[in-house]
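Note sheet for the following structure.
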Amino acid sequence: MRILSGIQPTGNLHLGNYLGAIRNWVRMQEEGECFFFLADLHAISQYQDPAELGRAIREMAAALIACGVDPTRATLFRQRDVPAHSELAWLLSGTARIGWLNRMTQFKDKTGKNREGASVALFTYPVLQAADVLLYQASHVPVGDDQKQHLELARDIAIKFNTDYNVELFTLPEPTIPAAAARIMSLRDGSAKMSKSDPSDMSRINLNDDPDLIAQKIRKAKTDAEPLPADPKDLDGRPEAKNLVTIYAALADEPVVDVLARFAGQGFGAFKPALAELMVETLRPIGGRLTELQRDPAELDRLLGVGAEKARAVAAPTLAGAYRAMGL
Ligand code: TYM
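FYI, the numbering used here numbers position 213 of the sequence shown as 734, with every residue one higher than the one before it.
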């Protein structure tokens with residue numbers, strides 16, 4: 522198994538990233554050869570303050586290591602340190618179709634009515650993501666549900682490239698999406714996903730929030746007036762309640778039905794403090810390690826440098842194969 526995934530180093534690592542993706546990254550280190558990277562080239566598809574970006578990249582690297590990504594087992598690197606990502610993305614832009622990109626829901630969600638004012642990079646973003654994955658011949662890509670469509674596109678690009686140039690160059694990647702926490706929703710709106718870009722910090726739990734802030738965010742999380750049901754099906758139509766129960770189940774690593782068995786008939790006055798306590802206990806060690814790692818930025822840079830060197834070596838033959846296939 523060759524496992525690869527990325528995360529944009531913008532904003533803080535939040536609970537959606539952790540439960541939807543990063544926890545699977547950590548677990549999959551036991552199962553195969555892993556490549557994890559900071560998608561800094563994806564981040565600049567929207568303006569980033571240059572004075573902030575370097576700090577944000579190191580901070581995200583520290584957060585991943587604090588969550589359990591082990592740079593001595595997995596190859597952890599910055600995307601921009603491996604120029605083959607940009608090169609392959611350009612080669613694949615000849616294969617990707619505008620019609621395919623037009624169907625990407627993330628582009629539509631991010632641009633809304635301002636499509637004409639969006640950057641070209643935001644539109645071609647999924648082609649760079651396809652290059653990220655195909656460059657390493659990744660077989661498995663642990664992501665949250667929102668990235669599924671981008672990976673389907675990566676497969677379509679791989680199939681068309683292999684067919685057009687009559688080669689067997691690219692491996693078709695499979696997304697690995699957690700059954701339980703594929704889409705963690707905002708604490709303020711059960712119909713929007715928890716996101717770094719939400720202007721309200723109360724909408725998300727950041728992995729470095731202190732216990733008081735976590736308790737406050739859970740206390741203020743939107744809910745409804747009904748008690749919790751015993752049957753998970755009865756959470757349908759109650760998006761905020763469903764989200765909190767999903768988060769509890771994911772943190773406790775238990776099925777939703779078992780969580781409901783404990784809380785059925787009780788209201789959120791009882792459930793929320795229990796959820797806050799579980800969350801604080803689960804995140805506490807991560808926050809502690811994060812503070813430690815942030816003390817030594819030079820060591821983080823060193824680890825990322827070692828990762829980049831390994832990544833460049835693995836990426837090179839695929840890029841060379843793509844040039845060769847195209848007659849360049
Ligand atoms: P990004 O940085 O938005 O998110 C990183 C990972 O976290 C998952 N995620 C969530 N999962 C569940 N609930 C949520 N509310 C939630 N929010 C985020 C995402 O699905 C993702 O797995 N384009 C990617 C980065 C990327 C990438 C790649 C991923 C670039 N190249 C190649 C895989 C393979 C992104 O912006 O993720």
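A virtual CB, placed ideally from N, CA and C, is assigned to each residue, including glycine.
On a predicted model such as this, the values are computed, not experimentally measured, just so you know.
Please state if the CB of residue j and the CB of residue i are separated by a distance shorter than 8 Å.
i: residue 796; j: residue 729; result: no
i: residue 605; j: residue 837; result: yes
i: residue 653; j: residue 600; result: yes
i: residue 705; j: residue 540; result: yes
i: residue 602; j: residue 841; result: no
i: residue 689; j: residue 662; result: no
i: residue 674; j: residue 609; result: no
i: residue 693; j: residue 742; result: no
i: residue 670; j: residue 626; result: yes
i: residue 617; j: residue 680; result: no
i: residue 531; j: residue 717; result: yes
i: residue 643; j: residue 628; result: yes
i: residue 537; j: residue 725; result: yes
i: residue 748; j: residue 777; result: no
Can you find the residues in the same chain that come closer than 6 Å, C-beta to C-beta, to residue i, ignoring five residues on each side of it along the sequence?
i: residue 711; result: 760, 761, 764
i: residue 552; result: 522
i: residue 556; result: 525, 596, 657
i: residue 739; result: 793, 796, 797
i: residue 612; result: 843
i: residue 639; result: 632
i: residue 732; result: 801
i: residue 720; result: none
i: residue 815; result: 583
Does the beta carbon of residue i come closer than 8 Å to any beta carbon on chain C?
i: residue 649; result: In the displayed structure, chain C is absent; only one protein chain is listed.
Leaving aside the five residues before and after residue i along the sequence, list all residues of the same chain whose C-beta is less than 7 Å from its C-beta, in chain order.
i: residue 529; result: 560, 563, 564
i: residue 750; result: 756, 781, 785
i: residue 590; result: 546, 547, 557, 597
i: residue 745; result: 759, 761, 762
i: residue 723; result: 708, 709, 738, 741
i: residue 807; result: 587, 588, 728
i: residue 824; result: 592, 597
i: residue 683; result: 689, 690, 691
i: residue 621; result: 674, 677
i: residue 846; result: 686, 688, 690
i: residue 852; result: The chain is shown only over 522 to 849; residue 852 falls outside these bounds and no answer can be derived.
Decide if residue i is buried, meaning its Cβ has at least 16 other Cβ atoms within 10 Å, or exposed.
i: residue 634; result: exposed
i: residue 582; result: buried
i: residue 727; result: buried
i: residue 646; result: buried
i: residue 787; result: exposed
i: residue 544; result: buried
i: residue 594; result: exposed
i: residue 615; result: exposed
i: residue 714; result: buried
i: residue 566; result: buried
i: residue 834; result: exposed
i: residue 849; result: exposed
i: residue 527; result: buried
i: residue 619; result: exposed
i: residue 464; result: What the structure shows of the chain is the stretch from 522 to 849, and residue 464 is not part of that stretch, so it cannot be assessed.
i: residue 766; result: buried
i: residue 651; result: buried
In chain order, what residues of the same chain have a beta carbon less than 8 Å from the beta carbon of residue i, not counting five sequence neighbours either side?
i: residue 818; result: 579
i: residue 703; result: 541, 665, 666
i: residue 839; result: 605, 609, 655, 656, 657, 658, 690, 691
i: residue 791; result: 784
i: residue 799; result: 769, 772, 773
Compute every distance between the C-beta of residue i and the non-hydrogen atoms of the ligand ADP, then say whether any falls below 7 Å.
i: residue 714; result: For the ligand ADP, the structure offers nothing, since it holds only the ligand TYM.
- Message: To test your reading of the DSSP string, which unbroken beta strand (DSSP E) runs of 3 or more residues are found completely within the region 675-709?
- Response: 695-697
- Query: If you scan the region 722-778 from start to end, which runs of the alpha helix (DSSP H) of 4 or more residues do you find wholly inside it?
  - Reply: 732-741, 760-773
- Message: Extract the residue ranges of the beta strand (DSSP E) inside the region 589-676, only unbroken runs of 3 or more that lie entirely within it.
- Response: 596-599, 661-663
- Item | Length-filtered (4 minimum) alpha helix (DSSP H) runs lying within the region 529-576 | 544-549, 561-564
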